[in-house]
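Okay, structure first, notes after.
In my numbering, the protein residues as written are 3 to 114.
Structure (structure tokens):
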């Protein structure tokens with residue numbers, strides 16, 4: 003563990019070891035929750051390139067999607083999963099522009 007903890011809060015944003023983490027209106031770290039307290043979504047910010055990863059989850063706590071942003075634009079590969087954690091779709095974005103998409107069946111095979 004590093005000798006000096008680098009952590010501070012700026013409004014609704016927490017800076018922690020080189021990563022910006024969004025705080026929601028309740029002050030929770032970039033998170034939204036289902037009524038039963040299970041994590042619904044979270045947003046993680048990187049200070050260095052303004053990269054944001056938004057992750058959402060099923061009520062069963064299984065990852066549902068990962069959506070990458072650079073600044074405020076979709077940028078990278080958006081991934082969507084089924085409730086069995088199988089990758090079902092990848093959508094490719096560059097600087098906010100859709101560049102392609104792949105869909106997968108329940109066995110992980112690309113659907114052409």
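We put the CB at the ideal spot given by N, CA and C, even for glycine. All figures in this text were calculated on a predicted structure; none of them were measured in a lab.
Check, Outcome
"Could you check where the beta strand (DSSP E) with residue 105 kicks off and where it finishes?", "99-106"
"Taking the straight line between their C-alpha atoms, what separation do you get for residue 42 and residue 114?", "31 Å"
"For residue 37, is the classification buried or exposed, using 16 other Cβ atoms within 10 angstroms of its Cβ as the cut-off for buried?", "exposed"
"Among 44, 107 and 108, which residue has its Cα nearest to the Cα of residue 121?", "Beyond the ends of the chain as shown, which are 3 and 114, falls residue 121; an answer cannot be given."
"Since residue 92 and residue 72 should fall inside the 8 Å C-beta cutoff, what is the C-beta to C-beta distance between them, to a whole number of angstroms?", "Not confirmed; about 17 Å, so no contact."
"Find the nearest neighbour of residue 84 within the set 108, 54, 104 and 70, judged by alpha-carbon distance.", "108"
"Can you tell me whether residue 62 is helix, strand or coil according to DSSP?", "coil"
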